[in-house]
Structure formats: C-alpha cells, structure tokens
Amino acid sequence: MAPGLEPLIDSEDPSLRDVDLRSKDVWRQYLPHIPLHVHDIWVDVLDRKGMQSWSVLCGPASLVCLFGHVSLQAMMNGTNLPPSQPDMAPVAIICQTDAAPFDARAVQHIRDAVVAGTLSPPPAHIYLALATASPPSISYYRVHDSLVP
1 MAPGLEPLID
11 SEDPSLRDVD
21 LRSKDVWRQY
31 LPHIPLHVHD
41 IWVDVLDRKG
51 MQSWSVLCGP
61 ASLVCLFGHV
71 SLQAMMNGTN
81 LPPSQPDMAP
91 VAIICQTDAA
101 PFDARAVQHI
111 RDAVVAGTLS
121 PPPAHIYLAL
131 ATASPPSISY
141 YRVHDSLVP
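Put into structure tokens, the structure is as follows:
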C-alpha cells in the first residue's frame, strides 16, 4: 500500500459481493465512513468510464482516492468506452467536493504517496475529480500525467 494512504474498501471485498452500492441509501448503510461525493464520483467512473478492479483509499485531510483501471480516452473526453479498450491504464482519482476547502498540500501529499508507494500496478496517471452540488456535475483534472517512464 502507498504510504499515507489507508485502504477503505475494494471491488474484491467479500462483504460487498451481493451489495449494489450504486444506490446512495445502500452506500450510506454499508459505507457510512465514505462521503457521498465519493459515491457520485465512484458511480461515474464505474458506469460511464468503465473502471475495473477498483479500490477506495483515504489520504491526508480526509481526502479519498479511487484506484483502478480505466480508459484514458474516457477520462479525457467523457466518452463511454467499452472496458476492452487498448488504452486502459491504472489511475488514481482524488475525490474533492466544492463544499469543502481545497487543500493543495493534501493533494500533493497523495500524489507523492502514489509515486513513492507500492500500489500494484502503480497508477499511470493521477486525476482530481471535483463534484459540485448545484448544478450536480463532476469534472476531472489531471494532477500528474504519465507516472510510468
């Protein structure tokens, strides 16, 4: 695990095998310690962008990160691509809400932890996902591009 990042849940967790986390009510019931804006981002990257083999980790200042394999094309332009696309890559997505103060140092700490960490496979790219409440939307920004030499 990357130093400074604590695991919260992942796609292989047997306790969630028969649980549909796409419902906010179910998310609140099974994962009350993970904020709802993370749910919104999680649903977006799983349903619209086809993320596979995901995990949720907590970083400094309670920032939450999603890790998994996703199409880089889908991350860049929001298209819905099938998961068999050749540009699938391991990525880290830092989840932020517009209702919370933005802490660039915490984002940098997560970036450093990801770069120095032992995530396998290591994320190739890091994104910041900003979830806004009104109007409801999610925007993705590259924090670090191509960590792989």
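In UniProt numbering, the protein residues as written are 1 to 149. The C-beta atom is built at its ideal place from N, Cα and C for all residues, glycine as well.
Backbone CA spacing between residue i and residue j [nearest angstrom]
| i | j | result |
| --- | --- | --- |
| residue 10 | residue 65 | 11 Å |
| residue 52 | residue 71 | 10 Å |
| residue 69 | residue 90 | 4 Å |
| residue 115 | residue 122 | 8 Å |
| residue 25 | residue 38 | 14 Å |
| residue 107 | residue 137 | 21 Å |
| residue 144 | residue 92 | 10 Å |
| residue 19 | residue 102 | 32 Å |
| residue 149 | residue 126 | Because residue 149 carries a pLDDT of 45, less than 50, the predicted location of this residue cannot be relied on, and the following value inherits that uncertainty. Their Cα atoms are separated by approximately 15 Å. |
| residue 33 | residue 135 | 25 Å |
| residue 28 | residue 67 | 20 Å |
Chain B contact for residue i (CB, 9 Å cutoff)
| i | result |
| --- | --- |
| residue 66 | Absent from the structure is chain B; it holds one protein chain and no more. |
Residue i: first and last residue of the uninterrupted beta strand (DSSP E) it sits in
| i | result |
| --- | --- |
| residue 88 | 88 to 97 |
| residue 10 | 6 to 10 |
| residue 138 | 137 to 144 |
| residue 110 | It is not in any beta strand (DSSP E) - residue 110 instead sits in the alpha helix (DSSP H) that spans 104 to 116. |
| residue 126 | 125 to 132 |
| residue 64 | 64 to 71 |
| residue 19 | Premise fails: residue 19 is in no beta strand (DSSP E) and is neither H nor E. |
Anticipated Cβ contact below 8 Å, residue i with residue j, distance rounded
| i | j | result |
| --- | --- | --- |
| residue 41 | residue 129 | 5 Å |
| residue 56 | residue 22 | Going by Cβ atoms, the distance from residue 56 to residue 22 rounds to 14 Å, so no, they are not a contact pair. |
| residue 110 | residue 5 | 7 Å |
| residue 141 | residue 75 | That pair is no contact at about 10 Å. |
| residue 100 | residue 133 | The Cβ separation is near 11 Å, so there is no contact. |
Pick from the options that is closest to residue i, judged by C-alpha positions
| i | options | result |
| --- | --- | --- |
| residue 87 | 95, 106, 124 and 62 | 124 |
| residue 73 | 45, 13, 58 and 96 | 45 |
| residue 94 | 18, 134 and 35 | 35 |
| residue 17 | 127, 30, 5 and 134 | 30 |
| residue 58 | 99, 133, 113 and 143 | 113 |
| residue 48 | 77, 28 and 15 | 77 |
| residue 12 | 50, 28 and 54 | 54 |
Beta-carbon proximity check, residue i vs residue j, cutoff 9 Å
| i | j | result |
| --- | --- | --- |
| residue 131 | residue 97 | yes |
Residue i: first and last residue of the uninterrupted alpha helix (DSSP H) it sits in
| i | result |
| --- | --- |
| residue 26 | 24 to 30 |
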